[in-house]
Amino acid sequence: MVDAAGLLIDPEAVEFLAERGFAGPRVGFVLGSGWGHFVESTEVLAACPYEEIPGFGRSTVAGHAGRLVRGRAGGRDYLALQGRLHHYEGHPLSRIGGTVGALHGLGVTELIVTCAAGGVNPAFRVGDLVLVHDFINFMFASPLRGAPGSLRSPARVSERLVRATEEAAAGAGIPLRKGVLFSSKGPSYETPAEVRMTRTLGGDVVSMSTAPELIAASALGLEAVALSCVTNLAPGVVPGGEVNHEEVMEVMTARKERFSELLACVLEKLESDREATVGGK
Ligand code: HPA
135 MVDAAGLLID PEAVEFLAER GFAGPRVGFV LGSGWGHFVE STEVLAACPY EEIPGFGRST
195 VAGHAGRLVR GRAGGRDYLA LQGRLHHYEG HPLSRIGGTV GALHGLGVTE LIVTCAAGGV
255 NPAFRVGDLV LVHDFINFMF ASPLRGAPGS LRSPARVSER LVRATEEAAA GAGIPLRKGV
315 LFSSKGPSYE TPAEVRMTRT LGGDVVSMST APELIAASAL GLEAVALSCV TNLAPGVVPG
375 GEVNHEEVME VMTARKERFS ELLACVLEKL ESDREATVGG K
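With the numbering used here, letter number 148 in the sequence shown gets 282, and the count goes up by one each step, no holes.
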């Protein structure tokens, strides 16, 4: 039987990155559209383009730097996938899951997955930050496919990381919504009828990513949580709602200070919580 680690962790990639100084940090980030600014707001200690990492693919979407970064914020080291691989770019979900596997192989045990998203809950506003406490994988595929004969427990967002993120945001005075993320396959943004369907099925925000990384993280035993920034109100929720990638990036740029501060506070919170536990493990 192939277990999740055998499926998702490529020892060659881990060795390649460990030799270049990426091993050690316990907190990892997957930085989606626009979220890469967090890295720029911190000290960059090491960076490696995805093309150079064995088994990784190239990130082709505007606004996704496509590199692995070891950075430091407030004296705390982190690893970040600055820009993600998307299924709609043609990357198999196993490869996307493999990027999480590489982080884990390097020592990451707590993962914050971020994305830009359309607001489906009519109470949400453009610019809202949403803490994802659960998700719907509507990609009709899984990064765990290929593990013969092994059915999996449902993926879980970590309740501890949800609480830690809420506390970090409250401490910094950053308002947070909470909701369910609906991950669609893309690359087309959803039609109004599809958006109404996501709402009927229980989604509060919709994006074309994030579920694969959460599923991979859960199977590998990482604690993971996700954050979305609402960049548009999805068509079909509000009359005349429209969306394109340029507008998504504009909204993210306008919010970059706030979400970067939130991620720095979450990093600080997770590290200080770990220090406070017996043995600092
Ligand atoms: N749908 C899917 N993905 C998105 C959206 C959306 O409306 N906005 C930003 N990413």
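For every residue, glycine included, the Cβ atom is placed at its ideal position computed from N, Cα and C.
### Asn378, buried or exposed, once every other Cβ within 10 Å from all chains shown has been counted against 16
Within the sequence shown, numbered from 1, the residue matching residue 378 stands at position 244. It counts as exposed.
### Rounded straight-line distance, which links the Cα of Arg311 to that of Phe156
Counting from 1 along the sequence shown, the entry for residue 156 is found at position 22. Counting from 1 along the sequence shown, the entry for residue 311 is found at position 177. The straight-line gap from Cα to Cα measures roughly 33 Å.
### Query
Thr411 to Leu151, Cα distance in whole Å?
As a working note, residue 411 is residue 277 in the sequence shown. As a working note, residue 151 is residue 17 in the sequence shown. Approximately 29 Å between the Cα atoms of the pair.
### Task
Inspect the beta-carbon positions of Ala207 and Leu356 and report whether they are closer than 9 Å.
Walking along the sequence shown from the start, residue 207 turns up at place 73. Walking along the sequence shown from the start, residue 356 turns up at place 222. Not a contact, by the Cβ cut-off of 9 Å.
### Message
Using the Cβ count rule (16 or more neighbours within 10 Å means buried), how would you classify Glu324?
### Response
Translated into the one-based positions of the sequence shown, residue 324 becomes position 190. Its Cβ being crowded by 16 or more others within 10 Å, Glu324 is buried.
### Query
Under the DSSP definition of a beta bridge, which residues are partnered with Gly162?
Looking up residue 162 in the sequence shown gives position 28. In DSSP, Gly162 forms a bridge with Leu213 and Leu245.
### Query
When every heavy atom of the ligand HPA is checked, does at least one fall within less than 8 Å of the C-beta of Val247?
By 1-based counting over the sequence shown, the position of residue 247 is 113. Val247: no, Cβ never under 8 Å from the ligand HPA.
### Message
Output needed for Asp268: all residues of its chain with C-beta closer than 7 Å, excluding positions within five of it in sequence on either side, in chain order.
### Response
Residue 268 sits at position 134 when you count from the first residue of the sequence shown. Its chain contains Val291 and Val314 as the residues whose beta carbon lies nearer than 7 Å to that of Asp268, once the 5 sequence neighbours on both sides are disregarded; these appear in chain order.
### Query
Can you find a heavy atom of the ligand HPA that lies under 8 Å from the Cβ of Gly252?
The residue you call residue 252 lines up with position 118 of the sequence shown. Under cutoff, so the answer is yes.
### Val377: CB within 8 Å of a non-hydrogen atom of the ligand HPA
Taking the first residue of the sequence shown as 1, we reach residue 377 at position 243. Yes - the ligand HPA has a heavy atom lying nearer than 8 Å to the Cβ of Val377.
### Query
With distances taken between CB atoms, is the gap from Asp137 to Ser284 smaller than 9 Å?
Within the sequence shown, numbered from 1, the residue matching residue 137 stands at position 3. Within the sequence shown, numbered from 1, the residue matching residue 284 stands at position 150. Yes, the pair counts as a contact, with Cβ atoms nearer than the cut-off.
### Query
What are the boundary residues of the beta strand (DSSP E) that His379 is part of?
Counting from one through the sequence shown, the residue named residue 379 turns up at place 245. From DSSP, His379 is part of no beta strand (DSSP E) but of the alpha helix (DSSP H) over His379 to Ala388.
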